[in-house]
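Following: one structure in structure tokens, then a few remarks.
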Amino acid sequence: MSDIRFAAASLVFGLAFLARVAGQAVQRRWDVAFLPSQDAWQGSSLPFPALFAAQVVILMIIATATLRMRAGRNLFGRRWVRPVAWFGVLYFAAMAARLAVGLLGDAGAFGDEGIAAGKWFTAYLPTAFHLVLASEVMLFAAYQRGRPRPAG
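So the sequence shown is numbered by our numbering: it starts at 2 and just counts up by one.
Next comes the structure, spelled out in structure tokens:
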């Protein structure tokens, strides 16, 4: 895949995550009817200001990486490709399992008081965007793996 296509894919993931961050911020400030409730956006007990700050940092990382991809520049050293790829795969698998447990729990597969009774498993909106972020991490690794080795 070309650098431009990697950058375009990264831009799509980044814009999806930006929509999530903006949606939660708008809902928190104005409580609008066309967005999910504030409770639906939050998958943990992390205070919103800390969550928002972390999300802004993540958006800055995605923007920087997207611009570097577009320019054909490295994102990180080659020795990090495998650890970043594994992190992305494990992150995606954990969030997919979280989603599956939540959906199966909602369907009654675990009874009324099973493992899926916790809010973390049924916070579908945050889980969906964790899948987006995990995909972005795997994209970073795939992009970097395809970069030529530096001369020397």
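All residues carry an ideal CB built from backbone N, CA and C; glycine is no exception.
Same chain, Cβ closer than 6 Å to residue i, neighbours up to 5 away in sequence not counted
i	result
Leu-100	Thr-128
Gln-56	Val-22
Ala-26	none
His-131	Met-96
Helix, strand or coil at residue i according to DSSP, with G and I counted as helix
i	result
Ala-17	helix
Ser-45	coil
Ala-64	helix
Met-2	coil
Ala-124	coil
Ala-34	coil
Gly-89	helix
Ala-72	coil
Phe-7	helix
Arg-148	coil
Phe-130	helix
Ser-136	helix
Gly-78	coil
Gly-24	helix
Gly-119	coil
Pairwise C-alpha distance: residue j and residue i
i	j	result
Asn-75	Asp-107	43 Å
Pro-149	Ile-63	22 Å
Gly-147	Asp-32	44 Å
Ala-17	Val-133	8 Å
Gly-15	Leu-105	29 Å
Met-139	Ser-45	24 Å
Val-82	Phe-141	8 Å
Thr-65	Ser-38	31 Å
When the options are compared against residue i, the one with the closest alpha-carbon
i	options	result
Trp-121	Arg-29, Leu-16, Leu-47, Leu-140	Leu-47
Phe-49	Gln-28, Gly-89, Trp-81	Gln-28
Leu-19	Ser-3, Phe-88, Val-58, Met-2	Val-58
Gly-103	Gln-43, Ala-124, Arg-30	Ala-124
Pair within 7 Å by beta-carbon distance, residue i and residue j
i	j	result
Ser-11	Met-61	no
Ala-23	Leu-126	no
Ala-54	Met-96	no
Own chain, CB closer than 7 Å to residue i, minus 5 neighbours either side, in chain order
i	result
Ile-5	Arg-71
Neighbourhood of residue i by C-beta, 8 Å cutoff - its chain only, sequence neighbours within 5 removed
i	result
Leu-68	Ala-8
Val-85	Phe-77, Val-138, Phe-141, Ala-142, Gln-145
Tyr-92	His-131, Leu-134, Ala-135, Val-138
Any chain C beta carbon closer than 7 Å to residue i
i	result
Val-33	Of the protein chains in the structure, only one exists, and it is not chain C.
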